[in-house]
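Visitor: I have a structure here, written as structure tokens, and I will follow up with some questions on it.
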Amino acid sequence: MTDTPADRLARATPQPVARRIRGLSDRAIAWIFVAPTIFLLLSVNIFPLIWTIRLSFTNFAANKPNAEVKWVGLRNYTRILTDADTWANMQTTAHFLIWTITFQVLIGFSLAWLINRKFKGNDLVTTLIVIPMMLSPAVVGNFWTFLYQPQIGLVNYAVEFLTGIPADSFSMLGPGGWARWAIVIVDTWMWTPFVMLICLAGLRSIPDYIYEAAEVDRASKWRQFWTITLPMALPFLMLAVLFRGIENFRMFDLVVLLTGGGPGDETLLASIDLKREAFEKWRTGYSSAYAIVLFVTVFGLASIYVKALNKVKER
Amino acid sequence: MSAHSVTEPSPASKWIAGILVGLYAVITLIPLIWIISTSFKSGPDSISYPPKVVFEPTLEGYVNLFTTQSRPSAEDLAKLPAPTTWYDKITRERGMIISGPSRFGQRFLNSVIIGFGSTFLSIFLGTLAAFAFSRFKVPLKDDLLFFILSTRMMPPIAVAIPIYLMFRQLGLSDTHLGMILLYTAVNLSLSVWLLKGFIDEIPREYEEAALIDGYTRFQAFYKVVLPQAATGIASTAIFCLIFAWNEYAFAVLLTSGNAQTAPPFIPTILSVGGGIDWPAVAAAATLFLLPVIIFTVLLRKHLLRGITFGAVRK
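As they're listed, the protein sequences go chains A and B.
Sequential numbering of the first sequence, starting at -10, is according to the working numbering.
Sequential numbering of the second sequence, starting at 16, is according to the working numbering.
Take a look at the structure:
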């Protein structure tokens, strides 16, 4: 512990007097301050998690609380991991993750790079651009279904206007294979500003003198970008990808309101499938196991990624 | 050539950058402008093709949002006295009468109660915990902090199952208190991490001076640290409020009639005919999104810090 004047004073003061001067001991205060937070998190997060683990080994169904609950061992887990549908959903989730992150990184980084030219009014434009990511995904997602209407929507109209493809010849959310791209578009619209903000912080953290030195060495702008800008912004970019990856793996609200997983199972992300199993089919035991599988996957992938991120930072 | 001008972009490149970014801003804001403009359209205008950019504005959507209506027969309608208020008039013009208030006001109020309640609690608990983590030797400090952060990584649906069961046992299903406690727990990770960052930045010397002056730790905390951390606390509070305001997954699974917030309610707004009443939905969305837009503008300096849990401070 650091040696503060208060500590020195406390040591010099006899115990009972010290108590009166300083009230409770620091350790007691620390515990009083931290305990409510820990208690709430234990009861609303950890206790339910343990409960989920316990349920995942049973055939419990929440809509039949009085039915006999049987211990089924690992059967729920083996069913999930051998079910072809699970793998199909994982592929849908992967498609969503890979494309949203790719687009958001490309557009977000380009925007940040442009904004970093510090043109007049860049602060104002930045504030305008970030608005979408602060809004309620459910409310916005719901409104996008209106923009995507094949007969009357703005998106189809814009496509007809720009390319001549008739507006009523395709449906972004209907059958025809566009739905999985429709959700990528909305997610990209919403979250590109997030990646942009983090990249912008990264670009602004690069000190000017490095570029000055590069100019002295007559490095081309192109070379400066690849050897200075990108490597130095990379840790920030990777952090943005980590956040987006975790968030989009858990993605629920935006997509559930856009497509509800449909048409058919075309956009059935793992978390939407989980909701169907848990709250529509009421297979509580099975869906608990499903939840654990997803949680372990996120946690595992995130830990590997953080290790990689730290390696990049150390360079 | 001065050393500084080497890194300063040329005027031409600034212009090009400004135009490209401005273009992006315009395109990205079209959906939002469309929400707001649709809220002022009449039913037929909202679904006309090609989409109408110029139209006669009406408050029909807002009236429909806040009222329930019915369509009486033509002769019944003729017998009714002339409409007295502007909203009666708008409704009567379409051959409808207002039969009562809708549930939207109630849902909106629920969002306000749950939003502010959970924000207050998470800031209160978060400030205490953040102060302790920042100033005292707490055993297993790093582990505890990581544990607090990790609670944010869980898929909401994964914890929703047992929380649903737990709330049913405790009688908290579909209650304001239940939702407030739940959102507080979700927001605590954010508030502890952000506030710890803000308190870390306040020099310890102030408190030490206060302690020597005979203040107790508690007094030093609320008379010295709290006022210094006010800006940080305010921006953290806005982040918590926006999260609780926007949250959908828990709200749709755990609430139905009594404590339902606006996000799960808005997509269910139907017209009398049974189809989706887009002007009313847009009106609800406008009223619901506007406060967040204002807060975003107010928050712009701390935005980056908030969305990264304090990982990037700039």
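All C-beta atoms in this analysis are idealised placements derived from N, C-alpha and C, irrespective of residue type, glycine included.
Roughly how many angstroms separate the alpha carbons of residue 102 of chain A and residue 188 of chain A, rounded to a whole number?
Guide: Between residue 102 of chain A and residue 188 of chain A, the C-alpha separation is close to 8 angstroms.
Visitor: Can you give, in chain order, each stretch of the beta strand (DSSP E) that sits fully within the region 69 to 118 of chain B and has at least 3 residues?
Guide: Whole beta strand (DSSP E) segments, 3+ residues: 82 to 85 and 112 to 116.
Visitor: When DSSP labels each residue in this structure, what does residue 210 of chain B get in the three-state scheme?
Guide: Helix at residue 210 of chain B.
Visitor: Would you tell me roughly how many angstroms separate the C-alpha atoms of residue 192 of chain A and residue 181 of chain A, rounded to the nearest one?
Guide: Spanning the two alpha carbons is a distance of roughly 16 angstroms.
Visitor: Once the 5 residues before and after residue 79 of chain A are set aside, which same chain residues still bring their CB inside 7 angstroms of it?
Guide: Around residue 79 of chain A: 259.
Visitor: Please return the same chain residues whose Cβ sits closer than 7 angstroms to the Cβ of residue 286 of chain A, not counting the five positions on each side in sequence.
Guide: Contacts found: none.
Visitor: Since residue 166 of chain B and residue 209 of chain B are thought to touch, with beta carbons under 8 angstroms apart, how far apart are those beta carbons, to the nearest angstrom?
Guide: Residue 166 of chain B to residue 209 of chain B, Cβ: 15 angstroms. No contact.
Visitor: Would you say residue 105 of chain A and residue 271 of chain A are within 7 angstroms of each other, going by their C-beta atoms?
Guide: The answer is no: Cβ separation not under 7 angstroms.
Visitor: What does residue 93 of chain A reach in chain B if we use C-beta pairs closer than 8 angstroms?
Guide: By Cβ distance, chain B contributes nothing, its closest Cβ being about 13 angstroms from residue 93 of chain A, past 8 angstroms.
Visitor: I'd like to know whether the C-beta atoms of residue 112 of chain B and residue 87 of chain B end up nearer to each other than 7 angstroms.
Guide: Cβ distance < 7 angstroms, so residue 112 of chain B and residue 87 of chain B count as in contact.
Visitor: Taking three-plus beta-carbon pairs below 8 angstroms as touching, is the region 208 to 222 of chain B in contact with the region 277 to 295 of chain B?
Guide: In short, these stretches do not touch, since the Cβ pair count stays below three.
Visitor: Answer with yes or no whether the minimum CB distance from residue 251 of chain B to chain A is below 7 angstroms.
Guide: No, its Cβ sits nowhere closer than 7 angstroms to a Cβ of chain A.
Visitor: Report yes if the C-beta distance between residue 144 of chain B and residue 23 of chain A is below 7 angstroms; otherwise report no.
Guide: Yes, the Cβ-Cβ distance between residue 144 of chain B and residue 23 of chain A is below 7 angstroms.
Visitor: Tell me, which residues are paired with residue 47 of chain A by DSSP?
Guide: BP columns for residue 47 of chain A point to A:60.
Visitor: Does the beta carbon of residue 1 of chain B come closer than 7 angstroms to any beta carbon on chain A?
Guide: Residue 1 of chain B is absent from the structure shown; chain B starts at 16 and stops at 329.
Visitor: Quick check: the Cα distance between residue 349 of chain B and residue 30 of chain A, rounded to an integer number of angstroms?
Guide: The structure shown does not extend to residue 349 of chain B, since chain B is modelled only from 16 through 329, so no value can be given for it.
Visitor: Determine the DSSP secondary structure at residue 322 of chain B, reduced to helix, strand or coil.
Guide: Helix at residue 322 of chain B.
Visitor: What span of residues does the alpha helix (DSSP H) with residue 84 of chain A cover, start to end?
Guide: Taken as a continuous stretch (DSSP letters only), the alpha helix (DSSP H) holding residue 84 of chain A covers 73 to 104.
Visitor: Work out the CA separation of residue 222 of chain B and residue 236 of chain B for me, nearest whole Å.
Guide: Between residue 236 of chain B and residue 222 of chain B, the C-alpha separation is close to 8 angstroms.
Visitor: On the DSSP bridge assignment, give the partners of residue 285 of chain B in chain order.
Guide: Partner(s): B:291.
Visitor: Suppose you measure from the CA of residue 89 of chain B to the CA of residue 280 of chain A; what does that come to, to the nearest Å?
Guide: In a straight line, the C-alpha of residue 89 of chain B is about 56 angstroms away from that of residue 280 of chain A.
Visitor: Is the distance from the Cβ of residue 40 of chain A to the Cβ of residue 170 of chain B below 7 angstroms?
Guide: Cβ atoms of residue 40 of chain A and residue 170 of chain B: not closer than 7 angstroms.
Visitor: Assign residue 242 of chain A to buried or exposed, taking buried as 16 or more other Cβ atoms, counted over all protein chains shown, within 10 Å of its Cβ.
Guide: The residue is buried, with at least 16 neighbouring Cβ atoms inside 10 Å.
Visitor: Quick one: using the 10 Å Cβ neighbour count with 16 as the cut-off for buried, is residue 322 of chain B buried or exposed?
Guide: When all chains shown are included, residue 322 of chain B counts as buried.
Visitor: Going by the beta-carbon positions, is the gap between residue 150 of chain B and residue 18 of chain A smaller than 7 angstroms?
Guide: Result no, Cβ atoms of residue 150 of chain B and residue 18 of chain A do not sit closer than 7 angstroms.
Visitor: According to DSSP, is residue 163 of chain B part of a helix, a strand, or is it coil?
Guide: Residue 163 of chain B: helix per DSSP, three-state reduction.
Visitor: Quick one: what does DSSP say residue 261 of chain A is sitting in, helix, strand or coil?
Guide: Correct three-state label for residue 261 of chain A: helix.
Visitor: Could you tell me whether any Cβ in chain A is nearer than 7 angstroms to the Cβ of residue 312 of chain B?
Guide: By this cut-off, residue 312 of chain B is an interface position.
Visitor: Using a Cβ-Cβ cut-off of 7 angstroms (strictly less than) and excluding sequence neighbours within five positions of residue 227 of chain A, which residues of its own chain qualify?
Guide: The answer, listed in chain order, is 298 and 301.
Visitor: Which chain A residues are close to residue 181 of chain B, counting only those with a beta carbon under 8 angstroms from its beta carbon?
Guide: The contacting residues are 36, 37 and 40.
Visitor: Quick one, which residues of the region 51 to 80 of chain B are near chain A if we go by CB-CB under 9 angstroms, in chain order?
Guide: Residues passing the 9 angstroms Cβ filter: 53, 61, 62, 63, 64, 65 and 66.
Visitor: Considering just the uninterrupted stretch of the alpha helix (DSSP H) at residue 179 of chain B, what are its terminal residues?
Guide: Unbroken alpha helix (DSSP H) run through residue 179 of chain B: 171 to 185.
Visitor: Report the start-end ranges of each alpha helix (DSSP H) in the region 130 to 161 of chain B that is 4 residues or longer and not cut off at the edges.
Guide: Counting whole runs of 4 or more residues, the region 130 to 161 of chain B contains no alpha helix (DSSP H) stretch at all.
Visitor: Does the Cβ of residue 17 of chain B have 16 or more other Cβ atoms within 10 Å, making it buried, or fewer, making it exposed?
Guide: Residue placement at residue 17 of chain B is poorly supported in this model, since its pLDDT is 43, which falls under 50; the coordinates still yield a value, given next. Exposed, by the Cβ-count rule.
Visitor: Looking at C-alpha atoms only, which residue of B:297, B:121, B:269 and B:306 is the closest neighbour of residue 267 of chain A?
Guide: Among B:297, B:121, B:269 and B:306, the Cα nearest to that of residue 267 of chain A belongs to B:269.
Visitor: Along the chain, where does the alpha helix (DSSP H) that runs through residue 210 of chain A open and close?
Guide: That run of the alpha helix (DSSP H) goes 210 to 213.
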